[in-house]
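No gaps in the numbering here: position 206 of the sequence shown is 206 in our numbering, and each next residue is one more. Using N, Cα and C, we set each Cβ at its ideal position, and we do this for glycine too. A short worksheet on the structure shown next.
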Amino acid sequence: MESNGKRKHDASGAEGSSFKKSKRGNQGKWKTPSHKEKLAAIKGRSLEVGDMGFWVTCQRQKEMRAADEILSLCEEYGQKLFDINPDVADGASEDQEPEDVEAAIEKELAAMKPANKPKGGPFELLKMAVDCVLFMRTRAPVDPLVLVREICKDATAAMDKNLQRSRFINKLTPITFTSKATEKGLEDVARKVLPDHFRLAEGETEETGDGESSACSYAIRPTIRAHTTLKRSEVIDKVAKMISKQHKVVLDNPDKVIIIEIFQTFCGMSVVGKDWEAMKRYNIHELYGAASKSAARSEEHKGTPKEEENGSKLEIEEVTAAEPTA
């Protein structure tokens, strides 16, 4: 058999097509050692009844990038809002002798593994069995409602792109309490969350209450993912029946919004203020986009007065030149 060492031309006309590789990403198959360790640590955790925190949605196949971003944001805002010192949380001792580089790396990778990960920290990231979805479990002193709102508030004002802290995170949804995604679980969550914001209908009589004038309006916004048992209309109806009739349902610009997130076998709930809609439902990707457009419009308006002023001066000079001299 003759062989001249040259690759033969493919009869289909695509030369060497079997040797070419796609350049459309790795579909999550190839990862750096650091990403593998982080992924293993995240997979070792699961959502539990009683959890609070917030859901994170992100761009497809960018879960690890989004995880890096949200962990960085939690570290920054945890320190700013709740005085959480990440160095103290790591338990590092200043009196220890310095380690060499290899030993330090091995120690860091070992700490990332689920078995060695310290429990009870203020932030714990969970990877869900669905693309584009993460859950950040929080513990005291962190209040997920305060944390998420502050992140989105700063995103609203981030007209300078250097101040925009994420590229791959889409939406943040705070959760005050979590239970099983059943009718009883939904009722348990509602009884835990709603009394801090509404008067409940249970045991209410016509004589009780401060009057309708003092009651706030509300809307219910459920989101259901990878779940088929509870239906959207049933969820809204059940929660609405638990709230006193003093509180009126207002779909446009309500005083408060009841967020219900149902994912697989879990159900979570929180209550946010009326600025939730104005803040793009806490979608920081859209908030950054709106801030950038606002900055661009401001730059355009800066040149307008100067151009009008120059035009006015030119008109005055032309009129003066046209006037006859005495």
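inquiry  = Nearest by alpha-carbon distance to N170: which of H227, L287 and L163 is it?
reply    = Within the sequence shown, residue 170 is the residue found at index 170, counting from 1. Among H227, L287 and L163, the Cα nearest to that of N170 is on L287.
query = Do V146 and L81 come within 8 Å of each other at the CB atom, strictly closer than that value?
reply = Mapped onto the sequence shown, residue 81 falls at position 81. Mapped onto the sequence shown, residue 146 falls at position 146. For L81 and V146, yes; Cβs fall inside 8 Å.
request  = Give me the Cα-Cα distance between G190 and F168, rounded to the nearest whole angstrom.
outcome  = Locating residue 190 in the sequence shown gives position 190, counting from the first residue. Locating residue 168 in the sequence shown gives position 168, counting from the first residue. What sits at residue 190 in the sequence shown is Ala, not Gly. Taking the straight line joining both Cα atoms gives about 32 Å.
task = Check the DSSP bridge columns for S270 and list the partner residues they point to.
result = Locating residue 270 in the sequence shown gives position 270, counting from the first residue. Beta-bridge pairing links S270 to I259.
message = Looking at the strands, I want to know which residues DSSP matches up with R221.
response = Position 221 of the sequence shown, counting from 1, holds the residue named residue 221. In the DSSP output, where bridge partners are listed per residue, R221 has I259.
inquiry  = Here's the rule: buried if 16 or more other CB atoms are within 10 angstroms of the residue's CB, otherwise exposed. What is V130?
reply    = Position 130 of the sequence shown holds residue 130. The residue is exposed, with fewer than 16 neighbouring Cβ atoms inside 10 Å.
inquiry  = On the DSSP letters alone, give me the boundaries of the alpha helix (DSSP H) that L147 sits inside.
reply    = Reading the sequence shown from its first residue, position 147 is the one you call residue 147. Counting along the chain, the alpha helix (DSSP H) containing L147 begins and ends at P144 to T156.
inquiry  = For H197, which residues in the same chain have their Cβ closer than 7 Å to its Cβ, ignoring the five residues on either side in sequence?
reply    = Position 197 of the sequence shown, counting from 1, holds the residue named residue 197. Here the set comprises K256 and V271.
query = Is R149 buried or exposed, if buried means 16 or more other CB atoms sit within 10 Å of its CB?
reply = The residue given as residue 149 occupies position 149 in the sequence shown. The residue in question, R149, is buried, as its Cβ has 16 or more Cβ neighbours within 10 Å.
ask   = Helix or strand or just coil, what does DSSP make of L126?
value = The sequence position of residue 126 within the sequence shown is 126, counting from 1. Strand, per DSSP.
ask   = Using the C-alpha atoms, what's the distance from G289 back to K142?
value = Position 142 of the sequence shown, counting from 1, holds the residue named residue 142. Position 289 of the sequence shown, counting from 1, holds the residue named residue 289. Checking the displayed sequence, the identity of residue 142 turns out to be Val instead of Lys. Using only the alpha carbons, I get a separation of about 28 Å.
task = Assuming I262 contacts I224 (C-beta within less than 8 Å), just tell me the rounded distance between them.
result = The sequence position of residue 262 within the sequence shown is 262, counting from 1. The sequence position of residue 224 within the sequence shown is 224, counting from 1. The Cβ separation is near 5 Å, so the contact holds.
inquiry  = Give me the residue from Q61, T173, M159 and T156 with the minimum Cα distance to R137.
reply    = By one-based count along the sequence shown, residue 137 stands at place 137. Nearest of Q61, T173, M159 and T156 to R137, Cα basis: T173.
ask   = Taking the continuous beta strand (DSSP E) assigned at K171, which residues delimit it?
value = Against the sequence shown, residue 171 aligns to sequence position 171. First-last of the beta strand (DSSP E) with K171: I169 to I175.
ask   = With DSSP run on the structure shown, which of helix, strand or coil describes L194?
value = Mapped onto the sequence shown, residue 194 falls at position 194. Reduced to three states, the DSSP call for L194 is helix.
request  = Taking N65 as part of the alpha helix (DSSP H), name the residues at either end of that continuous run.
outcome  = Sequence index remark: in the sequence shown, residue 65 carries index 65 (1-based). For clarity, residue 65 is Arg in the given sequence; the question names Asn instead. Its alpha helix (DSSP H) spans residues E63 to F82.
task = Check each candidate in S217, Q264, G268 and G273 and name the one with the smallest Cα separation from K248.
result = Here residue 248 corresponds to residue number 248 of the sequence shown, with the count starting at 1. Of S217, Q264, G268 and G273, the residue nearest in Cα terms is S217.
Straight-line Cα distance separating K153 from L134 = As a working mapping, residue 134 is identified with position 134 in the sequence shown. As a working mapping, residue 153 is identified with position 153 in the sequence shown. Approximately 21 Å between the Cα atoms of the pair.
query = Taking DSSP as the reference, what is the three-state secondary structure of P114?
reply = Reading the sequence shown from its first residue, position 114 is the one you call residue 114. Residue confidence for P114 is low, a pLDDT of 48 falling below 50, so the modelled location carries little weight and cannot support an answer.
inquiry  = Just to check my reading of the structure: K241 and L186 have Cβ atoms closer than 8 Å, yes? What is that Cβ distance to the nearest angstrom?
reply    = Walking along the sequence shown from the start, residue 241 turns up at place 241. Walking along the sequence shown from the start, residue 186 turns up at place 186. Actually they are not in contact, since the Cβ atoms of K241 and L186 sit about 12 Å apart, beyond 8 Å.
query = Roughly how many angstroms lie between the CA atoms of Q27 and D252, to the nearest whole one?
reply = Position 27 of the sequence shown, counting from 1, holds the residue named residue 27. Position 252 of the sequence shown, counting from 1, holds the residue named residue 252. Residue confidence for Q27 is low, a pLDDT of 48 falling below 50, so the modelled location carries little weight and cannot support an answer.
request  = Give me the Cα-Cα distance between E76 and E69, rounded to the nearest whole angstrom.
outcome  = Residue mapping note: residue 76 aligns to position 76 of the sequence shown, counting from 1. Residue mapping note: residue 69 aligns to position 69 of the sequence shown, counting from 1. Answer to the nearest angstrom: the Cα atoms are 11 Å apart.
query = DSSP on L134, reduced to helix/strand/coil?
reply = Your numbering for residue 134 matches position 134 in the sequence shown. L134 falls in the strand class under three-state DSSP.
inquiry  = For V56 and L126, I'd like the C-alpha separation in whole angstroms.
reply    = The count along the sequence shown starts at 1 and reaches residue 56 at position 56. The count along the sequence shown starts at 1 and reaches residue 126 at position 126. Taking the straight line joining both Cα atoms gives about 10 Å.
message = Give me the DSSP bridge partner(s) of C58.
response = Here residue 58 corresponds to residue number 58 of the sequence shown, with the count starting at 1. According to DSSP, which records beta bridges pairwise, C58 is partnered with I169.
key: Residues sharing a beta bridge with S357, DSSP   = The requested residue 357 does not occur in the structure, where the chain is confined to residues 1 to 326.
query = Nearest-angstrom Cα distance between A373 and T156?
reply = Absent from the model: residue 373. The displayed extent of the chain is 1 to 326, so no value can be given.
query = At which residues does the alpha helix (DSSP H) containing R232 begin and terminate?
reply = The count along the sequence shown starts at 1 and reaches residue 232 at position 232. Unbroken alpha helix (DSSP H) run through R232: R232 to M242.
Range covered by the alpha helix (DSSP H) that runs through E48 = Numbered from its first residue, the sequence shown carries residue 48 at position 48. Careful: E48 lies outside any alpha helix (DSSP H) and carries neither H nor E.
message = I need the boundaries of the alpha helix (DSSP H) containing A278, first residue and last residue.
response = Translated into positions along the sequence shown, residue 278 becomes position 278. Where A278 is concerned, the enclosing alpha helix (DSSP H) stretches over D275 to A278.
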